[in-house]
Amino acid sequence: MAAGLLLKMVGFCVWALFWLGGSATVSTGAGSAFAGGDAVVVDARSAVAVTDEDFVCATLDWWPPDKCDYGTCAWGNASLLNLNLSNKILLNAVKAFSPLKLRLGGSLQDMLIYDTGKPRQPCTPFMKNTSAMFGFSQGCLPLHRWDELNAFFKESGARIIFGLNALNGRVPMPDGSLGGPWNYTNAASFIRYTVNKGYDIHGWELGKLSVT
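Those letters in the sequence shown? Residues -24 to -1, 1 to 188, per mature numbering (1 follows the signal peptide of the UniProt record, and there is no 0), in order.
As structure tokens, this is what we get:
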């Protein structure tokens, strides 16, 4: 049940590496679907790569409850901004995968600002906006919520990878892409706050797969 809740509330990804202890032979005879009856020999006496023991990872996103796809609003209270951090089932599920790498990010990470006061700007939630990227306006992470999240991460033993807003300050280009210099002021102040609080961040991510 605990694992089921975790899989429901976060996007789950697993990488696994398989290798053989010795050489293996695959033979294709007359009855084979392969023409010519050729044999394939795999020399697997040594591994070409090794997967770390802590290869299990999951992603927590920023989507608000009114994010809907094909008539279904499935996110509910599974966002970093509204997830029930006192849920013991969730806590125990994260602990069960320890050391679990938790990536904090996703599509809206490039629409998220951090309420550090640098620069000074309103801290407002994501709102639907069909003309904006991903259909939502800019949203904000209050620092008290960041404190709550880090208390949960510490208790659960999760290793955190935080996806920064890589589009702050960039402007629309004629070809539809976003260009110009990155305004790192808000991200830098957020990192400083995190370091000063002693929060343990396993890694910082700048840019999603869809951002070049």
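For glycine and all other residues, C-beta sits at the position ideal for the given N, C-alpha and C.
Tell me, to the nearest whole angstrom, how far the beta carbon of residue i is from that of residue j; I am working on the premise that it is less than 8 Å.
{"i": "ASN141", "j": "LEU80", "result": "With a Cβ gap of about 12 Å, ASN141 and LEU80 do not count as contacting."}
{"i": "LEU76", "j": "ALA134", "result": "5 Å"}
{"i": "ASN159", "j": "ASN172", "result": "With a Cβ gap of about 21 Å, ASN159 and ASN172 do not count as contacting."}
Whose C-beta lies closer than 6 Å to the C-beta of residue i among residues of the same chain, with five residues either side of it excluded?
{"i": "ASP91", "result": "CYS99, CYS116, PRO118, LEU119"}
{"i": "SER83", "result": "PHE110"}
{"i": "GLY52", "result": "PRO41"}
{"i": "ASP37", "result": "GLY82"}
{"i": "residue 189", "result": "Only positions -24 to 188 of the chain appear in this structure, which leaves residue 189 out of reach."}
{"i": "GLY(-4)", "result": "Confidence at GLY(-4) is low in this model, with a pLDDT of 42, below 50, so the placement of that residue should be treated as unreliable; the coordinate-derived value is given next. So the list is empty, once near-sequence residues are dropped."}
{"i": "THR106", "result": "none"}
If you draw a straight line from the alpha carbon of residue i to that of residue j, how long is it in whole angstroms?
{"i": "ALA69", "j": "PRO101", "result": "28 Å"}
{"i": "ALA15", "j": "SER22", "result": "21 Å"}
{"i": "SER74", "j": "ASP19", "result": "34 Å"}
{"i": "GLU131", "j": "MET149", "result": "44 Å"}
{"i": "PHE138", "j": "LYS43", "result": "21 Å"}
{"i": "LEU61", "j": "ILE136", "result": "15 Å"}
{"i": "PHE129", "j": "LYS71", "result": "10 Å"}
{"i": "GLN85", "j": "TRP39", "result": "9 Å"}
{"i": "LEU(-18)", "j": "ALA54", "result": "Per-residue confidence for LEU(-18) stands at a pLDDT of 46, beneath the threshold of 50, marking its modelled position as unreliable; the derived number appears in the next sentence. For LEU(-18) and ALA54, the distance between alpha carbons rounds to 11 Å."}
{"i": "VAL17", "j": "ASP151", "result": "50 Å"}
{"i": "GLY47", "j": "VAL24", "result": "46 Å"}
{"i": "ASP123", "j": "ILE167", "result": "13 Å"}
{"i": "LYS64", "j": "GLU181", "result": "28 Å"}
{"i": "VAL32", "j": "ASP45", "result": "27 Å"}
Within the same chain, show all residues whose beta-carbon is closer than 7 Å to that of residue i, passing over the 5 residues directly before and after it, in chain order.
{"i": "LYS94", "result": "THR161, ASN162, SER165"}
{"i": "ARG146", "result": "LEU154, GLY155, GLY156, TRP158"}
{"i": "ALA50", "result": "none"}
{"i": "ALA108", "result": "none"}
{"i": "GLY183", "result": "ALA142"}
{"i": "GLN97", "result": "ILE89"}
Of all the options the options, which has the alpha carbon lying nearest to the alpha carbon of residue i?
{"i": "PRO41", "options": "ILE137, HIS178, PHE112, THR170", "result": "PHE112"}
{"i": "LYS104", "options": "GLN97, GLN114, ARG96", "result": "GLN114"}
{"i": "HIS178", "options": "GLU29, LEU78, ALA25", "result": "LEU78"}
{"i": "ALA34", "options": "THR170, TYR175, LEU66, THR106", "result": "LEU66"}
{"i": "ALA127", "options": "TYR175, ASP45, GLU181", "result": "TYR175"}
{"i": "LEU125", "options": "ARG168, LEU59, LYS64, GLY47", "result": "LEU59"}
{"i": "THR170", "options": "VAL32, GLN97, ARG121", "result": "ARG121"}
DSSP beta-bridge partners for residue i?
{"i": "TYR90", "result": "LEU117"}
{"i": "LEU154", "result": "PRO148"}
{"i": "THR48", "result": "ASP45"}
{"i": "TRP180", "result": "PHE138"}
{"i": "PHE112", "result": "LYS104"}
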